[in-house]
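Contents: one structure, followed by commentary.
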Amino acid sequence: MRVHAIQTGRVQIKASQIVGRGHGLKRRLAPLIDAEWSAWLPTLAYAIEHRDGVILVDTGASAASKRLPRWHPYFRLSVRFDIEPEQEAGPQLRAIGIGAADVKRVVLTHLHIDHDGGLAAFRKSEILVSPGELAIASGIAGRIRGYLPQRWPKTFDPKPLALADGPYGPFARSRRLTADGAIVAVATPGHTRDHLSVIVEDGDRAIFIAGDASYSEATMLTGQIDGVSDAEAAALATLGAIRAFAASRSTIYLPTHDPESANRLAARRATPTPASRARPVATTPSSRAALGSSPSDDGTIKLRRGCSSFPDRFP
Ligand SMILES: [Zn+2]
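So for the sequence shown, my numbering puts the first residue at 207; every next one is plus one.
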């Protein structure tokens with residue numbers, strides 16, 4: 207199976223959105239007042255060439271993302287997009303020989319505007335969205351939460367993706383997306399309550415398409431939740447589950463906005479597991495507690511596997 211990283215322009219957000227500061231409402235408001243911008247980060251979608259057809263995970267941003275509703279403080283103060291029409295997912299896929307008709311399914315990790323922005327190019331594809339995510343993104347309440355349902359294509363009528371297949375490794379809920387079980391959606395709540403990720407079982411590696419479960423591999427490994435999640439415990443548990451998965455088997459970890467994601471995919475570079483990490487992560491007692499980790503003598507941590515009955519490989 208081939209997996210393509212499709213970069214749909216760049217985005218800048220606040221540092222306190224990438225690594226949340228404080229707790230509760232204070233953490234979620236910090237990106238509005240934070241003066242520190244991130245570097246320009248990629249906004250990635252991922253196309254999986256499977257024998258049943260291409261599955262596109264997220265559709266990236268659109269050129270319209272450069273014009274956002276000014277009444278919304280987040281759009282006015284906390285995010286900047288840099289993208290031209292030819293950088294949207296549709297044209298980029300065409301450039302590598304994948305037409306819209308080849309994309310049988312589009313799976314959305316969540317409905318934030320840099321994930322659903324390219325939907326218009328895939329009007330004939332089956333669109334799969336978590337029902338909870340669709341509900342929270344819809345209507346006036348969705349607009350207040352920072353979604354842009356008014357920009358969904360008129361034909362947008364996604365199928366509910368209920369994660370009804372039970373646990374998959376350390377993930378409590380899952381759903382096979384292909385008959386051969388090689389592509390599986392798993393629940394990764396936190397960034398949004400119904401956020402999901404997609405695992406591609408590709409020979410000796412699992413490819414973990416993480417959406418915004420974390421903004422980078424580093425924050426997943428260190429267990430630092432973002433400044434967006436309204437469910438801190440769920441977000442922390444999700445990062446722990448991803449670490450447990452990556453510790454159980456070789457995993458290429460691909461968040462949407464990690465500048466290293468595309469290189470990692472091209473080099474098939476697996477995420478460092480506790481045993482293979484060259485430099486352990488220095489932590490404070492509080493971050494160790496947050497990680498559910500045990501301190502070693504030198505004040506570093508050894509990440510524990512999240513589940514004692516955790517199999518080495520999953521079906
Ligand atoms: Zn998001």
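For each residue, glycine too, the CB sits at the ideal point set by N, CA and C.
| Item | Value |
| --- | --- |
| Within 8 angstroms, strictly: CB atoms of E407 and T477 | no |
| Residue nearest to T428 in terms of C-alpha spacing, selected from A443, G417, F414, V434 | A443 |
| For R411, the three-state DSSP class (helix, strand or coil) | strand |
| Between the CA atoms of F414 and Y353 - distance to the nearest angstrom | 25 angstroms |
| Beta-bridge pairing of W243 - partner residues as DSSP gives them | K220 |
| Span of the alpha helix (DSSP H), counted from its first residue to its last, around I448 | 438-454 |
| DSSP three-state assignment for D308, whether helix, strand or coil | helix |
| D523: CB within 7 angstroms of a non-hydrogen atom of ligand 1 | Summary: the structure shown does not reach residue 523, with the chain confined to residues 207 through 521, and so no result is reported for it. |
| Cross-strand partners of V390 (DSSP beta bridge) | R382, I405 |
| S467 and A221 closer than 8 angstroms at C-beta | no |
| Proximal residues to A484 (C-beta, below 8 angstroms), its chain only, five neighbours per side dropped | With a pLDDT of only 40 at A484, under the threshold of 50, the placement of this residue in the model should not be trusted, and no figure is reported. |
| Those residues, in chain order, that have a beta-carbon closer than 6 angstroms to some heavy atom of ligand 1 | H316, H318, H397, D418 |
| Cut-off 8 angstroms between Cβ atoms - residues of its own chain near K365, not counting five sequence neighbours on either side | E332, I333, L334, V335 |
| Neighbourhood of K272 by C-beta, 8 angstroms cutoff - its chain only, sequence neighbours within 5 removed | F287, D288, I289 |
| I342 - containing alpha helix (DSSP H), residue span | 337-343 |
| Beta-carbon gap between R411 and T457 smaller than 8 angstroms | yes |
| For Y280, the first and last residue of its enclosing alpha helix (DSSP H) | 279-283 |
| Burial state of P291 (16 or more Cβ within 10 Å) | exposed |
| Cβ separation of L235 and A251, assumed to be a contact under 8 angstroms, to the nearest whole Å | That belief does not hold up - the Cβ atoms of L235 and A251 are roughly 29 angstroms apart, past 8 angstroms. |
| Rounded C-alpha distance that separates L317 from D400 | 10 angstroms |
| R349: CB within 7 angstroms of a non-hydrogen atom of ligand 2 | For ligand 2, the structure offers nothing, since it holds only ligand 1. |
| Straight-line Cα distance separating V390 from V487 | Its pLDDT being 41, under 50, V487 is placed unreliably by the model, and the measurement read from it follows with that caveat. V487 and V390: Cα-Cα distance of roughly 30 angstroms. |
| Same chain only: Cβ atoms within 6 angstroms of Q430, ignoring 5 sequence neighbours per side | V225 |
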